[in-house]
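Below you'll find the structure, written out as C-alpha cells, and then a few comments.
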Amino acid sequence: MFPAPLVLALVVVDRVRDALQQLADRLERDVQLVAINGQPFYGTRNLMNATGAKQAERIAVGRLSRRVQLIYPGFRDADMG
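According to the numbering used here, the sequence shown is numbered sequentially starting from 74.
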C-alpha cells in the first residue's frame, strides 16, 4: 500500500488526437519523460536535465539513449539503486 496517492506524469510525442489511442500506440521513442509524484524518473537527457535530475544514469533503450534516476536523496525508502 502507498502512504499517499501515486501521481504519474507521462510526456509523449503527439501523433493522434484521441487520448486513449495516444497511449495505446506509444513506442519507446515516443516516451520523452516519466515523473512519479513530481520527481523525474525516466526520460531524454534534455528533459531530465531540465527537471533537475542530478543523479540520472544513462541507459540504452533499443537504439535510444535515455536517462533513469533511481536515487532520490531526502525521500525515505525511495532509493531503488
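Note that CB positions come from ideal geometry on N, CA and C, so glycine has one too.
Rounded to the nearest whole angstrom, the CA to CA distance from I109 to L143 is 11 angstroms. Under the criterion of beta carbons closer than 8 angstroms, L106 and L120 qualify as touching, at roughly 4 angstroms. Contact between G111 and R140 fails: their C-beta atoms lie close to 17 angstroms from each other, not under 8 angstroms. Relative to A82, the option among E130, T124, D91, D98 whose CA is nearest is T124. The DSSP-derived three-state label of Q142 is coil.
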